[in-house]
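Residue numbers (the numbering used here): 4 to 163. Where a beta carbon is used, it is the ideal one built from N, C-alpha and C, also for glycine. Just so it is clear, the structure is predicted and the values come from calculations on it, not from any experiment.
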């Protein structure tokens, strides 16, 4: 019984709960250009390191091995968005879907920072991120859900 409790605490301690996470369902499983999911979150610890992830849930019928997106970021106190274009791979070169699958639905979580590493959010306050699909097809078929996940690194605090 004690061994079971210790193992359970060990494994649950390894699971990173998100600092922020939100998903949007796509109507009729189609993601149109004018549908820009918006994510607002508050940062209070500017010394911490964060991992930012793009979340996508799609069907096996999704017709591409990747997705191009525009990521718009607005810092606290700013009136304008910074715009970054990212390619998110969804399948390996062999055609095998990446991420986790259940039946015909696949879920992928990919870093959205420029280098795929942790980032510092250096301004306290409310941040806003918008994600726009930037593929050649509009609306983009077989996309069920899009989201943003932010994890605060547990040992990432340091002083500059």
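Does DSSP put residue i in a helix, a strand or coil?
{"i": "residue 32", "result": "helix"}
{"i": "residue 102", "result": "coil"}
{"i": "residue 128", "result": "strand"}
{"i": "residue 95", "result": "coil"}
{"i": "residue 112", "result": "strand"}
{"i": "residue 83", "result": "coil"}
{"i": "residue 66", "result": "coil"}
{"i": "residue 47", "result": "coil"}
Would you mind stating whether residue i and residue j have Cβ atoms separated by less than 7 Å?
{"i": "residue 153", "j": "residue 22", "result": "yes"}
{"i": "residue 128", "j": "residue 96", "result": "no"}
{"i": "residue 1", "j": "residue 69", "result": "Summary: the structure shown does not reach residue 1, with the chain confined to residues 4 through 163, and so no result is reported for it."}
{"i": "residue 55", "j": "residue 115", "result": "yes"}
{"i": "residue 59", "j": "residue 149", "result": "yes"}
{"i": "residue 113", "j": "residue 57", "result": "yes"}
Output needed for residue i: all residues of its chain with C-beta closer than 6 Å, excluding positions within five of it in sequence on either side, in chain order.
{"i": "residue 137", "result": "71, 72, 73"}
{"i": "residue 43", "result": "129, 131"}
{"i": "residue 109", "result": "61, 100, 102"}
From the DSSP secondary-structure annotation, give me the bridge partner or partners of residue i.
{"i": "residue 152", "result": "24, 56"}
{"i": "residue 89", "result": "72"}
{"i": "residue 144", "result": "33"}
{"i": "residue 77", "result": "131"}
Can you give me the Cβ contacts of residue i inside the same chain, cut-off strictly under 8 Å, excluding the 5 residues immediately before and after it?
{"i": "residue 107", "result": "62, 63, 64"}
{"i": "residue 143", "result": "33, 34, 35, 70, 136"}
{"i": "residue 125", "result": "49"}
Report all residues from its chain with a CB closer than 7 Å to the CB of residue i; omit the five preceding and five following residues, and keep chain order.
{"i": "residue 86", "result": "73, 75"}
For the ligand MG, is there a heavy atom less than 6 Å away from the beta-carbon of residue i?
{"i": "residue 36", "result": "With respect to small molecules bound, the structure shown includes none, and the ligand MG cannot be examined in it."}
Check whether the segment 72-90 and the segment 124-143 are in contact - that is, three or more C-beta pairs closer than 8 Å.
yes
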